[in-house]
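Q: Below: one structure in structure tokens.
There are 2 protein chains.
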Amino acid sequence: MSVLIEKLRAIVGAPNVLTDGDLTAWEQDWRKRSRGKALAVVRPANAQQVADVVRACAEAGTSIVPQGGNTGLAVGSIPDDSGTQVLMSLQRMNAIRGIDAANLTMTVEAGCVLQTLQEAARNAGFLFPLSLAAEGSCTIGGNLATNAGGTQVVRYGNTRDLCLGLEVVTPQGEIWEGTSGLRKDNTGYDLRDLMIGSEGTLGIITAATMKLQPRPAAVLTALATLPTLEAAILLLSLARSTLGPGLSGFEVMNRFSLDLVRKRFPALRQPLPPAPWTVLLEQSDAESEAHGAAALEALLEKALERGLIDDTAIATSIEQANAMWHLRESITLAQAEEGPNIKHDISLPASAIGDFVEATDAALARALPGIRLVNFGHLGDGNLHYNVQCREGEDAQAFLRHEDEVNRIVYDAVEARCGSVSAEHGIGRLKLDEMSARKSSVALAMMRAIKRALDPAELLNPGRVLPPPATR
Amino acid sequence: MSVLIEKLRAIVGAPNVLTDGDLTAWEQDWRKRSRGKALAVVRPANAQQVADVVRACAEAGTSIVPQGGNTGLAVGSIPDDSGTQVLMSLQRMNAIRGIDAANLTMTVEAGCVLQTLQEAARNAGFLFPLSLAAEGSCTIGGNLATNAGGTQVVRYGNTRDLCLGLEVVTPQGEIWEGTSGLRKDNTGYDLRDLMIGSEGTLGIITAATMKLQPRPAAVLTALATLPTLEAAILLLSLARSTLGPGLSGFEVMNRFSLDLVRKRFPALRQPLPPAPWTVLLEQSDAESEAHGAAALEALLEKALERGLIDDTAIATSIEQANAMWHLRESITLAQAEEGPNIKHDISLPASAIGDFVEATDAALARALPGIRLVNFGHLGDGNLHYNVQCREGEDAQAFLRHEDEVNRIVYDAVEARCGSVSAEHGIGRLKLDEMSARKSSVALAMMRAIKRALDPAELLNPGRVLPPPATR
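Quick note, the sequences are listed as chains A and B, same order.
Residue numbers for the first sequence follow this note's numbering, beginning at 1 and rising by one.
Residue numbers for the second sequence follow this note's numbering, beginning at 1001 and rising by one.
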């Protein structure tokens, strides 16, 4: 093994091959659910070094786990516990290669932190709309590898929709230079989208050309309370037809989500009284603050008239708008403070969401009386974070014994309505069994065939997204 | 062979297996550049029949060419001239399976004609934005197989961006039921986008779930004349930042394009005098006709002030708007009437277009003095139809002798600026050599590996998109 380590040192420089000391930052997953052991943490500085590392590992028969900011939620970016895998961190590759203003594109290296991209875009007079809780530390390479979603998907799409081209190192250690700035290119198979969302199992993304958006003239934010989830779905339809593409955020929160925030973070002002459901609406207006406000007010008035909403608050300053988003973003932390919970990142057709929630809430209440439901998410994309919280005061061990049962109830209900058991977090190792059990066998066979074709030696992130070959 | 024909008759019914009579509609390509000979034309009625036909053909070792409306421009949907391939027409599979208004989706069979989808969406109160010249006869299956572009891409994206899920019959004759209505689904590799644009070489698309859009309150159309192509690029930037997502069309036409329309279709009124460049602008307004008109007028006034445009005409009725689009759409026909021409469907980063056109116009004028350039296209997507027209009165044979030289000059210039030699028309058989010579060898190797993995027997559309294995 030391032969490989020596080779890696020669490629990236000895200080960038870490084998001793505290490697927790690379070996432990974000939610601290899992911890692996790497043979070494290798930190290449450019695509050529990535390619050279891949070749050296291939020769040694050593597999590689690529990693960005290590903020993934599906345990896809840490090594297994064998101590035989190389953890490749892309964090040193953090250059913004260039901004092409006329083409509305930005070419960036995989290790760029998302917030850095947002700022670079803003400084150049544009918007890079990808936005999610981990934006201060996640990297664009990881966003691409997992096809991250976030809060602006209803208007701008997932990470996939924001990308025009990639630079990728293949499992053979070759560099595919595909950082295209083209909006149309029908020359052959869509390798870009195949790599996006493949979680480092088919290639290592080293750079990307991302779309920029014109900066909206104003961004307006409002909260509204609603009597039912069905009303929220109707409000979404109304918002889509009234605001058109101006609608840039549509988040939903059930009462218990915001009650938890009230309980755990009493200093956070909640502008509206508790209600069965609260929606956070955001409108990005191309024209002006006044125009945006008028459009949003008109929408909310119409919704009040139709009885879809009970009460509403429009932010009149950036601070107020940020405070509304902060409420939404505090739910996860409030949940953690309240004790153990079982998270589900699911998506459904909008038309099935009301029925799903009603039926699943009831089924869980029957199976586990006293259980509490933190249900919130990106309703505009049909994506709910449907999280099951322990009974009041229940200890973790007692509660987590029910994890399999809870998952079965939730995921059966999702599957019955043609939903997804991983809307935006990916598969990693965490959801492998769930996906394998529930996804079409024809699709799984195609996935296995593609993995075999592109990475026959199982060099890249083996056992993630697809089970290791021995167990297939 | 007759054993196979008998099997096919048993599967789809004898009247749907055509072997005699005039099969021109299926065997000849749209532009009449190529004609093949099918063993039989088979017309299945549902996905199960498609699967059964695939299995029967696989057993017999007979390859299949899937076909929609047969309006492709890259010779990808007709059989070769061996008389041994089965031509599978999807045209009988033309049901709209359903519209889900709350989810803004429509599930349709592959053989639905694009115009039928547009009308069904309109009747349900929505917009299906894919729009292209062949919309009266092309099918959504063909649009998906070729990732068709068209005139609304600047706002709504290519066909790929309009699709949420597919039903596909694999080369093994299995049905992948993936007509998802989900906007987020990160469970494994992106097989949907791999199938889209693969031109029937990896699977046969039998149905799809497509996104619907809210209908805009008003669609405004204008023409503007410009002194230079650089001015058009600046106008595009201005339109993007001023109109935001309202901008739904941005077409450019050089003087000679519209001169040809003037000459060949003198009855078509041209509202603006001849100018070096003319842009057709379209804005889809979510709010109202008055708001849309004010926004468009404000943009054009600003452009006049900055000297980007010289003159402008805003359509004041749907008839006037249609007449503007009709001018744009008459260019291809005017070209055909004027005599032979060599077409290129290229794309470039917006920032490279001005330089490309200047350099390539000059290079062609040097190589072939007197040659005429019909240059028009979807500037908003960086997509030009850069067509080289014969000298005045030149006969076809003399002119077409220069085809290789013209292509070399044009495509070398495209390649030097990181452009694409097939922006929206695909590869088929027509652009196979060009793509093979110019695309990254790493990307080509991945494409071949994927084809081998999913269709090892080369059953589906062999020799399209990728060369047949014997010649690789």
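From the three backbone atoms N, C-alpha and C, an ideal C-beta is built for every residue, glycine too.
1) State the CB to CB distance for the pair ALA1218/B and GLY1292/B, rounded to an integer number of angstroms; the pair is presumed to be in contact (CB under 8 Å).
2) What does the Cβ neighbour count give for ASP1412/B, buried or exposed, with the cut at 16 atoms within 10 Å?
3) Based on Cα-Cα distance, which residue from ASN147/A, GLN91/A and THR151/A lies nearest to GLY380/A?
4) Of all the CB atoms in chain B, is at least one closer than 8 Å to the CB of LEU194/A?
5) Considering Cα atoms alone, identify which of ALA56/A, GLY428/A and GLU319/A is closest to ALA71/A.
6) Report yes if the C-beta distance between THR105/A and MET210/A is below 8 Å; otherwise report no.
7) Does the separation of the CB atoms of LYS1184/B and GLY149/A fall below 8 Å?
8) Could you list which residues in chain B have their beta carbon closer than 9 Å to that of LEU182/A, in chain order?
9) Can you give the Cα-Cα distance for VAL53/A and ALA207/A, rounded to whole angstroms?
10) Compile a chain-ordered list of the residues in the stretch 216–245 of chain A whose CB is closer than 7 Å to at least one CB of chain B.
11) Who are the near neighbours of SER1248/B in its chain, counting only those whose CB is closer than 6 Å to its CB and skipping five residues on each side?
12) Below 8 Å between beta carbons: does that hold for ALA334/A and ARG264/A?
13) So the candidates are ASN46/A, GLN389/A, GLU394/A and CYS163/A; which of them puts its Cα closest to the Cα of LEU144/A?
14) Along the stretch 423–449 of chain A, where does the CB come closer than 7 Å to a CB of chain B? Name the residues.
15) Measuring CA to CA, which of SER422/A, VAL374/A and ALA352/A is closest to ALA336/A?
16) Have a look at SER1351/B, LEU1430/B and THR1360/B and flag the residue whose alpha-carbon is nearest the alpha-carbon of LYS991/B.
17) Cβ atoms of PRO1079/B and LEU1073/B: under 8 Å apart, would you say?
18) For the putative contact between ILE342/A and ASN387/A, defined by C-beta atoms under 8 Å, what is the C-beta separation to the nearest angstrom?
19) Indicate the three-state DSSP secondary structure (helix, strand or coil) for ALA45/A in the structure shown.
20) Have a look at ASP100/A, ALA60/A and GLY111/A and flag the residue whose alpha-carbon is nearest the alpha-carbon of GLY125/A.
21) With distances taken Cα to Cα, identify the nearest neighbour of VAL465/A among GLY1188/B, ASN1383/B and THR1116/B.
22) CB LEU299/A to CB THR225/A, shorter than 8 Å?
23) How far does the alpha helix (DSSP H) with LEU4/A in it extend, from its first residue to its last?
24) Could you pull the start and end residues of the alpha helix (DSSP H) that GLU1289/B belongs to?
25) Between the stretch 450–471 of chain A and chain B, which residues of the former have CB atoms less than 7 Å from a CB of the latter, in chain order?
26) Based on DSSP bridge pairs, tell me the residues matched to TYR386/A.
27) Measure from the alpha carbon of GLY141/A to the alpha carbon of each residue in SER77/A, PRO468/A and LEU268/A, then state which is nearest.
28) Would you verify that the beta carbon of TYR1411/B is, or is not, closer than 8 Å to some beta carbon of chain A?
29) Between TRP1026/B, GLN1389/B and GLN1048/B, which lies nearest to LEU1039/B when the distance is taken from Cα to Cα?
30) Straight-line CA distance for GLY1173/B to GLY1463/B?
31) How would you label ALA423/A, buried or exposed, when you count the other beta carbons within 10 angstroms and need 16 or more for buried?
32) So what does DSSP say about LYS1263/B, is it helix, strand or coil?
33) What does a CB cutoff of less than 6 Å around LEU308/A pick up in its chain, not counting 5 residues either side in sequence?
34) Could you check where the beta strand (DSSP E) with ASP404/A kicks off and where it finishes?
35) Under a Cβ-count criterion, where at least 16 other Cβ atoms within 10 Å of its own Cβ denotes burial, should GLY473/A be classed as buried or exposed?
36) In three-state DSSP terms, what is PHE128/A?
A: Looking at the atomic coordinates:
1) With 8 Å as the limit, ALA1218/B and GLY1292/B qualify as a contact, their Cβ atoms being about 4 Å apart.
2) Counting every other CB atom within 10 Å of its CB across the protein chains shown gives ASP1412/B a total below 16, marking it as exposed.
3) With distances taken between Cα atoms, GLY380/A lies closest to THR151/A.
4) Closer than 8 Å to some Cβ of chain B, the Cβ of LEU194/A qualifies, so yes.
5) Position check: residue 71/A holds Thr in this sequence, whereas Ala was assumed. Across the set ALA56/A, GLY428/A and GLU319/A, the C-alpha of GLY428/A shows the shortest separation from the C-alpha of THR71/A.
6) Cβ distance < 8 Å, so THR105/A and MET210/A count as in contact.
7) Yes, Cβ-Cβ distance for LYS1184/B and GLY149/A is below 8 Å.
8) By Cβ distance, chain B contributes SER1347, LEU1348, PRO1349, ASP1381, GLY1382, ASN1383, CYS1418, GLY1419, SER1420 and ALA1423.
9) Distance between the alpha carbons of VAL53/A and ALA207/A: 17 Å.
10) Going along the stretch 216–245 of chain A in chain order, one finds PRO216, ILE233, SER237, ARG240, SER241, LEU243, GLY244 and PRO245 with a Cβ nearer than 7 Å to chain B.
11) For SER1248/B, same chain residues with a beta-carbon under 6 Å away, outside a window of 5 residues either side, are GLN1152, ARG1155, GLU1282 and SER1284 in chain order.
12) Less than 8 Å separates the beta-carbon of ALA334/A from that of ARG264/A.
13) Here the closest residue by C-alpha is CYS163/A.
14) So the list reads ALA423, GLU424, HIS425, GLY426, ILE427, MET435, LYS439, SER440, VAL442, ALA443, MET446, MET447 and ALA449, given in the order they occur along the chain.
15) Comparing Cα positions, the closest option is VAL374/A.
16) Outside the shown range of chain B (1001 to 1472) lies residue 991/B, about which nothing can therefore be said.
17) Going by beta carbons, LEU1073/B and PRO1079/B fall outside the 8 Å limit.
18) Contact flag correct, Cβ pair sits at about 7 Å.
19) For ALA45/A, the three-state secondary structure derived from DSSP is coil.
20) If we check each option's Cα against that of GLY125/A, ASP100/A comes out closest.
21) Of the listed residues, the one whose Cα sits closest to VAL465/A is GLY1188/B.
22) No, the Cβ-Cβ distance between LEU299/A and THR225/A is not below 8 Å.
23) 2–12 is the extent of the alpha helix (DSSP H) around LEU4/A.
24) In the DSSP assignment, GLU1289/B falls within the unbroken alpha helix (DSSP H) covering 1289–1305.
25) Among the residues of the stretch 450–471 of chain A, those with a Cβ less than 7 Å away from any Cβ of chain B are ILE450, ARG452, ALA453, LEU454 and VAL465, in the order of the chain.
26) Looking at the DSSP assignment, TYR386/A forms a beta bridge with ASN375/A.
27) Out of SER77/A, PRO468/A and LEU268/A, SER77/A has the C-alpha closest to the C-alpha of GLY141/A.
28) No, TYR1411/B does not count as interfacial toward chain A.
29) If we check each option's Cα against that of LEU1039/B, TRP1026/B comes out closest.
30) Whole-angstrom Cα-Cα distance: 20 Å.
31) Taking all protein chains shown into account, ALA423/A has 16 or more neighbouring C-beta atoms within 10 Å of its C-beta and is therefore buried.
32) Helix at LYS1263/B.
33) Contacts found: ALA231, LEU234 and LEU235.
34) That residue, ASP404/A, is in no beta strand (DSSP E); its alpha helix (DSSP H) goes 403–416.
35) This structure cannot settle anything about residue 473/A, because the visible part of chain A is limited to 1 through 472.
36) If DSSP states are grouped into helix, strand and coil, PHE128/A belongs with coil.
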